[in-house]
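Participant: Each protein sequence line maps, in turn, to chains A and B. FYI, the numbering for the first sequence is 1 to 388, going by full-length UniProt numbering. FYI, the numbering for the second sequence is 1 to 388, going by full-length UniProt numbering. Every residue gets a Cβ at the ideal spot worked out from N, C-alpha and C, and that includes glycine. None of these values were measured; they are calculated from a predicted model.
2 protein chains.
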Amino acid sequence: MRFLHTADWHIGKQLNQYDLLEVQKDAFRQIKAIAKKAKVDGIIVAGDLYDRAIPATRAIGAFDQMLKELNIELGLPIYAIAGNHDGANRLNFARSWFGKNELYLNTQLAEAFTPIENDECQVFLLPFFDPQDARIYYHESIESGNLRTINQAMQRVIADMIKQFKPEKRHILVTHFNVQGQDNQDYELTSETTSIVGGLKSIDSNLLTAFDYVALGHLHLWQASPNQKMRYSGSPVKFNTKEAKNKKGVYIVDVPKSGAIKYEFAEIKPLKDLIVIKATYTDLITATFYKQYPHKGQAFFSIKILDRPQVKNVRQNLEQIYGDIVEIEYMPAKSTTEAMTKMVKRTQLSETALIGQFYQDVTKQTINEHQQQIIEDILVELKREQEK
Amino acid sequence: MRFLHTADWHIGKQLNQYDLLEVQKDAFRQIKAIAKKAKVDGIIVAGDLYDRAIPATRAIGAFDQMLKELNIELGLPIYAIAGNHDGANRLNFARSWFGKNELYLNTQLAEAFTPIENDECQVFLLPFFDPQDARIYYHESIESGNLRTINQAMQRVIADMIKQFKPEKRHILVTHFNVQGQDNQDYELTSETTSIVGGLKSIDSNLLTAFDYVALGHLHLWQASPNQKMRYSGSPVKFNTKEAKNKKGVYIVDVPKSGAIKYEFAEIKPLKDLIVIKATYTDLITATFYKQYPHKGQAFFSIKILDRPQVKNVRQNLEQIYGDIVEIEYMPAKSTTEAMTKMVKRTQLSETALIGQFYQDVTKQTINEHQQQIIEDILVELKREQEK
Chain A
1 MRFLHTADWH
11 IGKQLNQYDL
21 LEVQKDAFRQ
31 IKAIAKKAKV
41 DGIIVAGDLY
51 DRAIPATRAI
61 GAFDQMLKEL
71 NIELGLPIYA
81 IAGNHDGANR
91 LNFARSWFGK
101 NELYLNTQLA
111 EAFTPIENDE
121 CQVFLLPFFD
131 PQDARIYYHE
141 SIESGNLRTI
151 NQAMQRVIAD
161 MIKQFKPEKR
171 HILVTHFNVQ
181 GQDNQDYELT
191 SETTSIVGGL
201 KSIDSNLLTA
211 FDYVALGHLH
221 LWQASPNQKM
231 RYSGSPVKFN
241 TKEAKNKKGV
251 YIVDVPKSGA
261 IKYEFAEIKP
271 LKDLIVIKAT
281 YTDLITATFY
291 KQYPHKGQAF
301 FSIKILDRPQ
311 VKNVRQNLEQ
321 IYGDIVEIEY
331 MPAKSTTEAM
341 TKMVKRTQLS
351 ETALIGQFYQ
361 DVTKQTINEH
371 QQQIIEDILV
381 ELKREQEK
Chain B
1 MRFLHTADWH
11 IGKQLNQYDL
21 LEVQKDAFRQ
31 IKAIAKKAKV
41 DGIIVAGDLY
51 DRAIPATRAI
61 GAFDQMLKEL
71 NIELGLPIYA
81 IAGNHDGANR
91 LNFARSWFGK
101 NELYLNTQLA
111 EAFTPIENDE
121 CQVFLLPFFD
131 PQDARIYYHE
141 SIESGNLRTI
151 NQAMQRVIAD
161 MIKQFKPEKR
171 HILVTHFNVQ
181 GQDNQDYELT
191 SETTSIVGGL
201 KSIDSNLLTA
211 FDYVALGHLH
221 LWQASPNQKM
231 RYSGSPVKFN
241 TKEAKNKKGV
251 YIVDVPKSGA
261 IKYEFAEIKP
271 LKDLIVIKAT
281 YTDLITATFY
291 KQYPHKGQAF
301 FSIKILDRPQ
311 VKNVRQNLEQ
321 IYGDIVEIEY
331 MPAKSTTEAM
341 TKMVKRTQLS
351 ETALIGQFYQ
361 DVTKQTINEH
371 QQQIIEDILV
381 ELKREQEK
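Structure follows, in structure tokens:
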């Protein structure tokens, strides 16, 4: 069996005020082309199909069209689950009709224990769930303590799946969690490289070792895969500046009747890239500098300005050059951490002086009399509040 | 061909704060039983499937279940359209998969020109649309004046449907409008007997005479059918006090290969009826009076009190006896119209006296000093506002 593994489509998501739908449609066209070229036997979509529980009408229309092109036009089976961003109950609509055409879309924990089977594989589709869902499913009270954490719940769920295993077949799990293993132990902490994980507790990868391949969704970077046989495909589109430098794509996974699972990463080129620029304002508005980047309208830009420009209309000026700017940030010349360290050493100063010094360290400018007055007023106000 | 014709399910509707879902589910069970008993070949649902464009999750779940029971479990073809209450684009999701199992659900005007065909019939599913939709579909500007009104648009739409007619077959139209014909000319004006029509212009029934049967939705009373071969099935559930006295049900329609169409009304008994009571407060709280009505919790009540009870907690007192009261109205002893006529004759009185006299006419009680003061204060306030 040969699968295309993708996840985290987040159809309908916006990048600040910018609509990503056209970028998402283009990424989908590439996914479809990859699926055709690789002659896959099915498509795995590991959750977060939509970006929100009640998606916009045009997001629904786009998603419907994508499913139709893959499942009805190309005749490919689809193995999909709801992620934490999806409205599980709402997404459950029409499931029975989908299933008749090999479009499998699980949104409820109870649906996860009946694998989709063919001659070679059993595919278990486990949607995102929380310990509360597991307690309801297993009729356990919270007081029993048996299903208090997601790891306890996952252990029980996986044990029940293993009972369904047919030993002559390969076993594939599709799920949507933050799974931590040997290769990504520090990923949750390294916020520069992982995307937001939604504040969810991580799952221990050891709980999932019974499967031949675990197709994951949730983390948006494929680099965050916990180990060789448990992989994140990542999102097909860049959703935040932390993902800007990373290539996007899907996995083509070969699951032979026996022997090693093989997988290959197939890249998706963004219709409109997300580019992070760090530069001084003077550089940013200089033609020789900005001509190295895609033209206005051809990319989304996140701009970090390294100084404090003394001009009005910074955003408008930059938008005239760069077009769609999703974010403007003013970076301090020194790192905030350094400044903080210095500040700690200076605790003998008065509060006002301390703040003034900090301002100077960060901005390279001296605090003026008016600013000083504002700070003093605020400090008086704060003290009054404390004494109340 | 034998059809069950129903419409205006409005799944998820509330009667004031009261949830109708259980009543709607029960009505559906009866529809299903009628369909089985009558051995119908298909189910027509003529629009307003949901009550709103973005239905609640449990309304979606209930509707999904109903479609599943009819179409997948009983294997019945479904001929459905979107009504003015439905969110057409949102409801369009999964349409392609439904169609593969003979669940036909049209939500867009463009879909209406491809009839569903079998050996005997061509069924045209024309969802609710407005002149603007027709102008977009036909690429006509509003300035041309050709598709300004719904009747102009309907004429063109029907003409294009007639082009598709196969003369050896019977032609059925399913649509969702306020259609006016010989039998219901005064229905829109008679607000006691028709339900709200959504402020929509009516369609001339003469535009639809090419069809052998027109299965209508929109008006909630089957009694409002425009003529013998264009019929409203009405809603299966009572949605407002104007519908309280009328029987609810569905039509079983026989469309033979040739000859007259026959139809029969099959009644649905409400799980919880909607009962309108008009009585004095004293009667309402007297056991011999209220024992003639269903017990508390067994019905919804709309209560019109014929006098002005001088007690506190009228609603709480009545709720203790009747349970679910969807509406309490105080009826004036004389009709408001009569009182208004008298008032017009008395315009020589001061404003305060005029209001006092009106109060007395309506309530049979003299206005007291405190009330008089309030009225004067309000009048002063109003004059100040005017002079600003």
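(1) According to a CB-to-CB cut-off of less than 7 Å, which residues of the stretch 47-70 of chain B neighbour chain A?
(2) Taking its Cβ as the centre, do 16 or more other Cβ atoms sit within 10 Å of E73(A), making it buried, or is it exposed?
(3) Using the beta-carbon of each residue, which ones in chain B are nearer than 8 Å to residue 429(A)?
(4) Give the single residue among I268(B), I285(B), F301(B) and S258(B) whose Cα lies nearest to the Cα of V276(B).
(5) For a contact defined as C-beta to C-beta under 9 Å, what are the partners of I72(B) on chain A?
(6) Look up K245(B) in the DSSP assignment and say whether it is helix, strand or coil.
(7) Strictly under 7 Å for the Cβ-Cβ distance: is R170(B) near chain A by that measure?
(8) Between N106(A) and chain B, is the shortest Cβ-Cβ distance under 7 Å, so that the two count as touching?
(9) So V314(B) is in the beta strand (DSSP E); what residue range does that whole segment cover?
(10) What in chain B is Cβ-close to R148(A), meaning under 8 Å?
(11) Can you find a C-beta in chain A that's less than 7 Å from the C-beta of F93(B)?
(12) Going by C-alpha to C-alpha distance, which of A7(B), P270(B), I44(B) and T114(B) sits closest to H218(B)?
(13) Along chain A, in chain order, which residues have C-beta atoms closer than 7 Å to that of N89(B)?
(14) Whole angstroms are fine: how far does the CA of I375(A) sit from the CA of Q360(A)?
(15) Do you know whose CA, among G249(A), R29(A) and V314(A), lies nearest S235(A)'s CA?
(16) Less than 7 Å separating the beta-carbons of R170(A) and D212(A)?
(17) Taking just the CA atoms, how far does N89(B) sit from G61(A)?
(18) Which residues of chain B have a Cβ atom closer than 9 Å to the Cβ of L103(A), listed in chain order?
(19) Report all residues from its chain with a CB closer than 7 Å to the CB of M230(A); omit the five preceding and five following residues, and keep chain order.
(20) Could one say the Cβ of L189(A) lies closer than 7 Å to chain B's Cβ atoms, at least one of them?
(21) Whose C-alpha, out of F177(B), F239(B) and C121(B), is nearest the C-alpha of P131(B)?
(22) Using C-beta distances below 8 Å, list every residue in its chain close to V197(B), excluding the 5 sequence neighbours before and after it, in chain order.
(23) Mind checking who V276(A) pairs with in its DSSP beta bridge?
(24) State buried or exposed for residue 394(A), treating a residue as buried only when at least 16 other CB atoms are found within 10 Å of its CB.
(25) DSSP on G42(B), reduced to helix/strand/coil?
(26) The beta strand (DSSP E) that contains R170(A), what's its start and end?
(27) Taking C-beta to C-beta, are Y79(B) and I44(B) nearer than 7 Å?
(28) So, with DSSP's three-state summary, where would you put A7(A)?
(29) What three-state label does DSSP hand F113(A) in the structure shown?
(30) Given this structure, state the Cα-to-Cα distance separating V40(A) from Y232(A), to the nearest angstrom.
(31) Tell me D254(A)'s beta-bridge partners as DSSP assigns them.
(32) Which of the three DSSP states, helix, strand or coil, is assigned to residue 396(A)?
(33) Specify the secondary structure class of I54(A) as computed by DSSP and reduced to three states.
(34) If you reduce the DSSP assignment to three classes, tell me which class Y293(A) lands in.
Facilitator: On the basis of the supplied data:
(1) I54, T57, I60, G61, D64 and K68
(2) Along the first sequence, read from residue 1 onward, the residue named residue 73(A) stands at position 73. With fewer than 16 Cβ atoms within 10 Å of its Cβ, E73(A) is classed as exposed.
(3) Missing from the structure shown is residue 429(A); chain A here goes from 1 to 388 and no further.
(4) Here residue 276(B) refers to the residue found at position 276 of the second sequence. The option with the nearest alpha carbon to V276(B) is F301(B).
(5) Taking the second sequence and counting its residues from 1, the one referred to as residue 72(B) is at position 72. The answer, in chain order, is S96, W97 and K100.
(6) In the second sequence, residue 245(B) corresponds to position 245, counting from 1. In this structure, K245(B) counts as coil in the three-state DSSP scheme.
(7) Numbered from 1 along the second sequence, position 170 holds the residue referred to as residue 170(B). Answer no: the Cβ-Cβ gap between R170(B) and chain A never drops below 7 Å.
(8) As a position in the first sequence, residue 106(A) is number 106, starting the count at 1. So no, N106(A) is outside the interface.
(9) As a working note, residue 314(B) is residue 314 in the second sequence. Element bounds for V314(B): not the beta strand (DSSP E) but the alpha helix (DSSP H), V314 to Y322.
(10) Position 148 of the first sequence holds residue 148(A). Near R148(A) there are no residues of chain B at all, since even the closest Cβ is about 27 Å away, more than 8 Å.
(11) Here residue 93(B) corresponds to residue number 93 of the second sequence, with the count starting at 1. Answer yes: the Cβ-Cβ gap between F93(B) and chain A drops below 7 Å somewhere.
(12) Counting from one through the second sequence, the residue named residue 218(B) turns up at place 218. Per the Cα distances, A7(B).
(13) The residue given as residue 89(B) occupies position 89 in the second sequence. The contacting residues are T57 and G61.
(14) The sequence position of residue 360(A) within the first sequence is 360, counting from 1. The sequence position of residue 375(A) within the first sequence is 375, counting from 1. The alpha-carbon atoms of Q360(A) and I375(A) are separated by roughly 14 Å.
(15) Here residue 235(A) is taken as the residue at index 235 of the first sequence, counted from 1. The residue with the shortest Cα to Cα distance from S235(A) is G249(A).
(16) As a position in the first sequence, residue 170(A) is number 170, starting the count at 1. As a position in the first sequence, residue 212(A) is number 212, starting the count at 1. Taking 7 Å as the Cβ cut-off, R170(A) and D212(A) qualify as a contacting pair.
(17) In the first sequence, the residue the question calls residue 61(A) occupies position 61. In the second sequence, the residue the question calls residue 89(B) occupies position 89. C-alpha separation (whole angstroms): 7 Å.
(18) Start at 1 with the first residue of the first sequence, and residue 103(A) comes out as number 103. What L103(A) touches in chain B: W97.
(19) If you number the first sequence from 1, residue 230(A) lands on position 230. Closer than 7 Å at the Cβ level, and outside the excluded window around M230(A), lie V179, G181, S205, L208, V214 and L216.
(20) Taking the first residue of the first sequence as 1, we reach residue 189(A) at position 189. A caution first: L189(A) carries a pLDDT of 45, below 50, which makes its placement in the model too unreliable to give a value.
(21) Position 131 of the second sequence, counted from the start, is the residue given in the question as residue 131(B). Checked all of F177(B), F239(B) and C121(B); the closest Cα to P131(B) is F177(B).
(22) Counting from one through the second sequence, the residue named residue 197(B) turns up at place 197. With a pLDDT of only 41 at V197(B), under the threshold of 50, the placement of this residue in the model should not be trusted; the figure read from the coordinates follows. So the qualifying residues of the chain are N178, E188, H218 and L219.
(23) Numbered from its first residue, the first sequence carries residue 276(A) at position 276. Paired residues: S302(A).
(24) Nothing about residue 394(A) can be reported from this structure: the residues present for chain A run from 1 to 388 only.
(25) Taking the first residue of the second sequence as 1, we reach residue 42(B) at position 42. Strand, per DSSP.
(26) On the first sequence, residue 170(A) is found 170 positions in, with the first residue counted as 1. Per DSSP, R170(A) belongs to the beta strand (DSSP E) from R170 to H176.
(27) The residue given as residue 79(B) occupies position 79 in the second sequence. The residue given as residue 44(B) occupies position 44 in the second sequence. Against a cut-off of 7 Å, the Cβ pair of I44(B) and Y79(B) comes out as a contact.
(28) By one-based count along the first sequence, residue 7(A) stands at place 7. In this structure, A7(A) counts as coil in the three-state DSSP scheme.
(29) In the first sequence, counting from the first residue as 1, residue 113(A) sits at position 113. In the structure shown, F113(A) sits in a helix (DSSP, three-state: H, G or I).
(30) By one-based count along the first sequence, residue 40(A) stands at place 40. By one-based count along the first sequence, residue 232(A) stands at place 232. Each residue's Cα considered, the two are about 18 Å apart.
(31) In the first sequence, residue 254(A) corresponds to position 254, counting from 1. R2(A) and K262(A), per the DSSP bridge assignment.
(32) Past the boundaries of the shown model lies residue 396(A); chain A is included only from 1 to 388, so the question cannot be answered.
(33) One-based indexing of the first sequence puts residue 54(A) at position 54. Coil at I54(A), not helix or strand.
(34) Position 293 of the first sequence, counting from 1, holds the residue named residue 293(A). Three-state result, Y293(A): coil.
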